[in-house]
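A.B. asks: This is the structure, below, for whatever I ask next.
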Amino acid sequence: MTIRATVWGENIHEHVNEVVGKLYPEGMHETIAQSLRQDKNITARTAVLQDAEHGLTDSVLSQTDVLLWWGHKDHSAVAEDIVERVARRVWEGMGLIVLHSGHYSKIFKKLMGTPCSLHWREAGERERIWVTSPNHPIAAGLPPFFELENEEMYGEHFSVPEPLETVFISWFQGGEVFRSGLTYKRGAGSIFYFRPGHETYPTYHDVNVGKVLRNAVTWAYNPAAPLTSIHDAPNTPVEQSHEPIVERGGKLHKPGEAGYK
Ligand code: ZN
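This note's numbering runs 9 ahead of the 1-based position in the sequence shown.
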């Protein structure tokens, strides 16, 4: 059984910016997918904003164990019903890996429930990424730290909820630090936010970044059947209580009536 990953790319900068186009001639999503395919236990397909339903049809999502998300320039173009569809799959157990500027994607903000803001500087600074959870599966095989010679700076405060685990913290040449590898659980789904990945730098060609992405896909994979019951709110009848009880007090609902949603 292989892990089925779908790499979602906004697929704009590659076509409108010469630097990005040269770094990622087949698109950032394809470079990321190729990196994932280095693990024989992962199959990786791609989907882009411009596809019908952004490439995230019910059929594609039902065959996706882990979704990776890179977006930047046009988060607002992602349709609300597709965001809702992706969120439901995460709650049911699909893994989600949100990359770099995806911190402002609709899906990440919805699942975090906070502004997800940060401050930034595009100056090609060295980023030193420290492993702060050495035994974490996402950090498997990595040295204590690794460096990207050119990256965009992201600085604290990163207005996300307190994570379950902080796997990486980045230091930048200009002096800022940033929590750059964060894990969350939403419903039955595992979520990993990974900071590096500015489009004008060759970040997704880096061997350590590739290792992190493959590790993260493996970590986020949930082999259990989708927890579709997570959306239900059944009105459980008195006669089905586990110990005998007698109804008392005032009632709003008739027996068997559905609740408000
Ligand atoms: Zn960026």
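The beta carbon of each residue, even a glycine, is placed where N, CA and C say it ideally should be.
W17 and L76: beta carbons closer than 8 Å?
C.D. replies: Taking the first residue of the sequence shown as position 1, residue 17 is located at position 8. Taking the first residue of the sequence shown as position 1, residue 76 is located at position 67. In contact: W17 and L76 (Cβ atoms closer than 8 Å).
A.B. asks: So within the segment 34-61, which uninterrupted alpha helix (DSSP H) runs reach at least 4 residues, ignoring any that extend past its ends?
C.D. replies: With a minimum length of 4 residues, the continuous alpha helix (DSSP H) runs that stay inside the segment 34-61 are 37-45.
A.B. asks: Assuming the contact rule is C-beta atoms closer than 8 Å, K220 and L108 should be a hit. Round their C-beta distance to whole Å, please.
C.D. replies: On the sequence shown, position 211 is the one that residue 220 refers to. On the sequence shown, position 99 is the one that residue 108 refers to. About 15 Å separates the two Cβ atoms, so there is no contact after all.
A.B. asks: Among the residues of its own chain, which have a CB less than 7 Å from the CB of E160, if the five just before and after it don't count?
C.D. replies: Here residue 160 refers to the residue found at position 151 when the sequence shown is read from its first residue. These residues qualify, in order along the chain: E134, E136, P205, H207, Y210 and T212.
A.B. asks: Tell me, which residues are paired with I21 by DSSP?
C.D. replies: Counting from 1 along the sequence shown, the entry for residue 21 is found at position 12. Partner(s): none; I21 has no beta bridge.
A.B. asks: In three-state DSSP terms, what is S179?
C.D. replies: Here residue 179 corresponds to residue number 170 of the sequence shown, with the count starting at 1. It is a strand residue.
A.B. asks: How big is the Cα-Cα spacing for S110 and M10?
C.D. replies: For the purposes of this step, residue 110 is identified with residue 101 of the sequence shown, where counting begins at 1. For the purposes of this step, residue 10 is identified with residue 1 of the sequence shown, where counting begins at 1. The alpha-carbon atoms of S110 and M10 are separated by roughly 32 Å.
A.B. asks: In chain order, which continuous runs of the beta strand (DSSP E) of length 3 or greater are located wholly inside the segment 64-132?
C.D. replies: Runs of the beta strand (DSSP E) inside the segment 64-132: 75-79 and 104-108.
A.B. asks: Could you give the C-beta distance for G104 and D60, rounded to a whole number, given that I count them as a contact under 8 Å?
C.D. replies: What you label residue 104 is simply residue 95 of the sequence shown in a count that begins at 1. What you label residue 60 is simply residue 51 of the sequence shown in a count that begins at 1. About 21 Å separates the two Cβ atoms, so there is no contact after all.
A.B. asks: Starting from A226, trace the alpha helix (DSSP H) in both directions and tell me its first and last residue.
C.D. replies: Within the sequence shown, the letter at position 217 stands for residue 226. It is Val, not Ala, that sits at residue 226 in the sequence shown. First-last of the alpha helix (DSSP H) with V226: V216 to A229.
A.B. asks: When DSSP builds the beta bridges, which residues end up paired with T15?
C.D. replies: Stepping through the sequence shown from its first residue, residue 15 is reached at position 6. R54 and L76, per the DSSP bridge assignment.
A.B. asks: Look at I51 and V226 and say whether their C-beta atoms are less than 8 Å apart.
C.D. replies: Taking the first residue of the sequence shown as 1, we reach residue 51 at position 42. Taking the first residue of the sequence shown as 1, we reach residue 226 at position 217. Contact flag set, yes.
A.B. asks: Could you tell me the distance, in whole angstroms, from the CA atom of V247 to the CA atom of A234?
C.D. replies: On the sequence shown, residue 247 is found 238 positions in, with the first residue counted as 1. On the sequence shown, residue 234 is found 225 positions in, with the first residue counted as 1. Their Cα atoms are separated by approximately 30 Å.
A.B. asks: Under 8 Å, do G184 and H128 count as touching if we go by C-beta distance?
C.D. replies: Looking up residue 184 in the sequence shown gives position 175. Looking up residue 128 in the sequence shown gives position 119. No. Outside cutoff.
A.B. asks: In terms of DSSP beta bridges, what is M162 paired with?
C.D. replies: For the purposes of this step, residue 162 is identified with residue 153 of the sequence shown, where counting begins at 1. Answer by DSSP bridge pairing, in chain order: R130.
A.B. asks: What residues come near the ligand ZN, if near means a beta carbon less than 5 Å from any of its heavy atoms?
C.D. replies: Listed by chain position, these are S110, E161 and H207.
A.B. asks: In its own chain, which residues sit with a C-beta less than 6 Å from the C-beta of R54, not counting the 5 before and 5 after it?
C.D. replies: Mapped onto the sequence shown, residue 54 falls at position 45. Correct list, in chain order: T15.
A.B. asks: Tell me whether the beta-carbon of E101 lies closer than 8 Å to the beta-carbon of G196.
C.D. replies: Here the question's residue 101 lines up with position 92 in the sequence shown. Here the question's residue 196 lines up with position 187 in the sequence shown. It is a contact, given that the beta carbons lie within the stated cut-off.
A.B. asks: Am I right that T123 and S168 are in contact with their C-beta atoms under 8 Å? What's the rounded C-beta distance?
C.D. replies: Within the sequence shown, the letter at position 114 stands for residue 123. Within the sequence shown, the letter at position 159 stands for residue 168. About 5 Å separates the two Cβ atoms, so the contact holds.
A.B. asks: Between I12, R257, W228 and P243, which has its C-alpha nearest N144's C-alpha?
C.D. replies: The residue you call residue 144 lines up with position 135 of the sequence shown. Out of I12, R257, W228 and P243, W228 has the C-alpha closest to the C-alpha of N144.
A.B. asks: For K194, which option in P170, W180 and V186 has the closest C-alpha, if you only look at C-alpha atoms?
C.D. replies: Position 185 of the sequence shown, counting from 1, holds the residue named residue 194. Checking every option, the nearest Cα to that of K194 belongs to P170.
A.B. asks: Tell me whether the beta-carbon of V99 lies closer than 8 Å to the beta-carbon of L65.
C.D. replies: Working through the sequence shown from its first residue, we reach residue 99 at position 90. Working through the sequence shown from its first residue, we reach residue 65 at position 56. For V99 and L65, no; Cβs fall outside 8 Å.
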